[in-house]
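Under the numbering used here, the letters of the sequence shown match residues 33 to 150, in that order.
Just so it is clear, CB atoms sit at the ideal spot from N, CA and C, and this is done for glycine as well.
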Amino acid sequence: MPNITFSHPDYKDKTVYAVAGSHTETILKIARENKLPIQFDCQDGECGTCLVRVTHLGKTKPKGGPLTVKEQTVLQELGKLTAEEIEQMSVDDFPPQWRLACQMIVRDEDLLVEYGVN
Ligand code: FES
């Protein structure tokens with residue numbers, strides 16, 4: 033089971049266990065289940081309110097990709113993802129650090145999720 037550590041500048045870090053492998057287990061869902069105050073609105077990858085910075089912990093290759101076109105578009109609009117990074121993602125299969133919590137599905141990897149830092 034992956035450990036996900038949620039971090040906010042004004043709150044104490046909280047580490048939770050997540051169940052990987054479900055297509056509905058998003059970072060936002062796990063945060064809400066654990067009463068972590070990540071801001072959100074649409075929950076559909078359109079508003080960008082749930083922006084988080086994700087760091088993959090451990091020595092394995094990050095598994096968080098690929099991003100949907102919708103998530104890529106919103107991240108670009110927020111200035112958190114460039115066209116060059118999108119190109120690089122497709123070549124390296126390497127997810128970017130900025131993600132939408134409502135779109136990112138949890139995989140079997142430990143993560144640091146920073147919210148309230150955008
Ligand atoms: Fe709107 Fe995630 S809540 S993009």
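Cβ neighbour criterion (16 or more within 10 Å) applied to residue i
i	result
M136	buried
A133	buried
Q120	exposed
Coarse secondary structure for residue i, derived from DSSP in three states
i	result
L89	coil
L113	coil
I70	coil
E146	strand
K95	coil
For residue i: DSSP bridge partner residues
i	result
R131	V84
Length of the line joining the Cα atoms of residue i and residue j
i	j	result
K93	D140	11 Å
K67	G90	26 Å
Cβ pair residue i, residue j closer than 7 Å
i	j	result
G77	K112	no
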